[in-house]
Amino acid sequence: MTVLVWFRRDLRLADNPALAQAIATGEPILPLYVLDDEDAGCWAPGAASRWWLHGSLTALDADLKARSGGRGLALRRGSAERVVGDLARTAGVSAVLWNRCYEPWAVARDARLMMSLRQSGIAAISFNGSLLTEPGHFLNRQGEPYRVFTPFWRALRAQAEPVGASRPPERIDIAGAPSERLADWDLLPTRPDWAGGLRETWTPGEAGARARLKAFLAGAVFEYGDMRNRPDRSGTSRLSPHLHFGEISPWAVWRAVTTAGMARTGEPFSAGVDTFLSELAWREFSAHLLFHFPDLPTKALKPEYDRVGWRHDRAGLEAWRRGRTGYPIVDAGMRELWATGWMHNRVRMIVASLLIKDLLIDWREGEAWFWDTLVDADLANNAASWQWVAGSGADASPWFRIFNPVTQGETFDPDGDYVRRWIPELAKLPTRAIHAPWTAGAADLAAAGVRLGDTYPRPIVDHAEARRRTLDAYAVTKA
1 MTVLVWFRRD LRLADNPALA QAIATGEPIL PLYVLDDEDA GCWAPGAASR WWLHGSLTAL
61 DADLKARSGG RGLALRRGSA ERVVGDLART AGVSAVLWNR CYEPWAVARD ARLMMSLRQS
121 GIAAISFNGS LLTEPGHFLN RQGEPYRVFT PFWRALRAQA EPVGASRPPE RIDIAGAPSE
181 RLADWDLLPT RPDWAGGLRE TWTPGEAGAR ARLKAFLAGA VFEYGDMRNR PDRSGTSRLS
241 PHLHFGEISP WAVWRAVTTA GMARTGEPFS AGVDTFLSEL AWREFSAHLL FHFPDLPTKA
301 LKPEYDRVGW RHDRAGLEAW RRGRTGYPIV DAGMRELWAT GWMHNRVRMI VASLLIKDLL
361 IDWREGEAWF WDTLVDADLA NNAASWQWVA GSGADASPWF RIFNPVTQGE TFDPDGDYVR
421 RWIPELAKLP TRAIHAPWTA GAADLAAAGV RLGDTYPRPI VDHAEARRRT LDAYAVTKA
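Just so it is clear: in the sequence shown, position 197 is 197 by full-length UniProt numbering, and no numbers are missing.
If you want it as structure tokens, here you go:
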């Protein structure tokens, strides 16, 4: 008999509960990945995620072949409910094992598949392979899901017991199965090939994830509390896409950073480590929210916020997408996103604030753009974070908090290095004007080769006026 291991967002060999259990049976393993755009519907992976997926599947296939004498990952396209069920029956497998996903459509699909397999006499077992805690069991004292982050984080830190490390197996007995060709899935862009910056920035796969974690532990983790808000510095882990695709487990990250903290300070939760783990906890919090509130990506968690009169400003939305708003910190972030598939988290909040609370454009427009362009696009985290800025989510930013893009730039990119990197047409401006080019004198503009409205746009909205407009529009949420 054979055990089918259905890989999903757990594209790794280490710390993989489903794979470890399958190997423990002693039976040959049929490793399968299904590109399921049908069941996912509108939340099928976006363009940047598909680029990453190609690299991650390539790496996993190579890792499997290296441990099996040349047999790798079986690839199929279609509804996973149908593909997995049909393959399990025709291949005569004894069991199907997988690690759980928590998106609402995936939860419903997996429940149907599990029932169908068991009715056919095939064991179906799922595991937690992506979260520190199970959403259905991690509740507050009232037995309800947490809706405020701070008590969630306190409870998580007190209760989280990351499972012991599971090393990659040295040998895997893999059963052969017909497979589609990854190249035929057209996950990589060709006409045009816009992924040059992504290739220069990232190394998808389990080895790339371990290398990224090792680099972070070499020093940045201990300064994380001070440097995480500085887009001009290399102060973050950049582990988010590796975590999303399951190339590294959150347990492995938790273990590694607390161990590093203990070795450095004698305390597992030293300042930088504790702050970083709170960000890992936000990922967890977002997943729990989506599990309990499945409409999170499409509806305001606080229903009154769906009464806000959003503006239909296609020109403003396009300027925002292309990094042509006239606010340098915003445009730098949007250009970084376009070039690398990633954006610094502080800048994500700034660009989101401008879209929602300066342009008064529906947060769902921003959510959709990030879904298509981020290599770490995660349904739960994306939705929860956009609703946080909009003020409509759990433990959200106050409705009246509206970031000033100029002061945000001056505070978190004080020397203008981040702006100069991503907006080279402003590189020669003096630092005092780098975040507000329209305040520069004619001589400074001329010396820098900047012609406002030509080489670089003027602001598409006056922040002070926009703030007043947004406060008026948001007033309906208090009525």
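Even for Gly, the Cβ is constructed at its ideal location relative to N, Cα and C.
Mapping DSSP to helix, strand and coil, what is residue i?
i	result
Phe293	coil
Leu4	strand
Ile350	helix
Leu35	strand
Leu30	strand
Phe403	coil
Trp194	coil
Leu75	strand
Leu57	helix
Leu452	strand
Asn229	coil
Ser166	coil
Gly409	helix
Leu13	coil
Leu188	coil
Pro457	coil
Pro104	helix
Val375	coil
Trp202	coil
Thr298	coil
Arg238	coil
Gly393	coil
Ser179	coil
Have a look at residue i and residue j and give me their C-alpha separation to the nearest angstrom.
i	j	result
Val476	Arg321	28 Å
Ser126	Met262	34 Å
Ser397	Ala352	12 Å
Ala24	Asp173	11 Å
Met115	Leu97	13 Å
Asp362	Ala319	15 Å
Thr2	Ala123	11 Å
Glu134	Asn128	7 Å
Asn16	Arg8	11 Å
Arg348	Gly333	7 Å
Asn140	Asp313	41 Å
Ala383	Leu296	6 Å
Arg12	Ala88	22 Å
Phe293	Asp372	22 Å
Ala22	Leu4	8 Å
residue 483	Leu277	What is shown of the chain runs 1 to 479, which leaves residue 483 out entirely.
Glu304	Ala394	13 Å
Ala315	Arg451	21 Å
Phe149	Ser385	12 Å
Asp37	Ala44	5 Å
Arg346	Glu144	30 Å
Pro192	Asp39	28 Å
Gly205	Asp378	17 Å
Ala47	His435	31 Å
Asp61	Arg67	10 Å
Thr201	Ala339	9 Å
Gly449	Glu425	8 Å
Quick one: residues in its chain with C-beta nearer than 8 Å to the C-beta of residue i, no 5 flanking neighbours on either side, listed in chain order?
i	result
Trp51	Leu187, Leu188, Pro189, Ala195, Leu198, Gly341 and Val375
Arg469	Leu360
Leu355	Leu317, Trp320, Ile361, Trp363, Glu365 and Gly366
Ser270	Phe222, Gly261 and Arg264
Tyr57	For the record, residue 57 in the displayed sequence is Leu; it is not Tyr. Cβ neighbours of Leu57 beyond the five flanking positions: Leu11, Tyr33, Leu73, Leu75 and Leu182.
Ala91	Thr2, Leu4, Leu30, Ala175 and Ala177
Thr259	Pro268
Arg210	Ile248
Leu64	Leu13, Pro31, Arg71, Gly72, Leu73, Ile172 and Ile174
Gln142	none
Would you say the beta carbon of residue i comes nearer than 7 Å to a heavy atom of the ligand COA?
i	result
Ala24	The ligand COA is not part of this structure, which contains no ligands at all.
Ordered along the chain, which non-local residues of its own chain (more than five positions away) have a Cβ less than 6 Å from that of residue i?
i	result
Pro28	Thr2, Asp173 and Ala175
Met343	Gly333, Glu336 and Leu337
Pro457	Arg324 and Gly326
Leu243	none
With which residues is residue i paired in a DSSP beta bridge?
i	result
Val93	Thr2
Ile174	Ile29
Asn99	Phe127
Excluding the 5 residues flanking residue i on each side, which residues of the same chain have their C-beta closer than 7 Å to its C-beta?
i	result
Ser240	Asp376
Gly309	Ala473
Ile350	Ile329, Val330, Gly333, Phe403, Pro405 and Gln408
Would you say residue i faces chain B, with C-beta separation under 8 Å as the test?
i	result
Glu465	In the structure shown, chain B does not exist; there is a single protein chain.
Please list the segments of the alpha helix (DSSP H) lying wholly inside the region 413-445, counting only runs of 4 or more residues, in order along the chain.
-> 417-422
Give, in chain order, every unbroken run of the beta strand (DSSP E) that is at least 3 residues long and sits entirely within the region 115-150.
-> 123-127
Which residue spans inside the region 300-373 form an unbroken alpha helix (DSSP H) run of at least 4?
-> 314-321, 328-340, 345-353 and 363-373
Segments of 3+ residues assigned as beta strand (DSSP E) that fall wholly inside the region 245-296 = none
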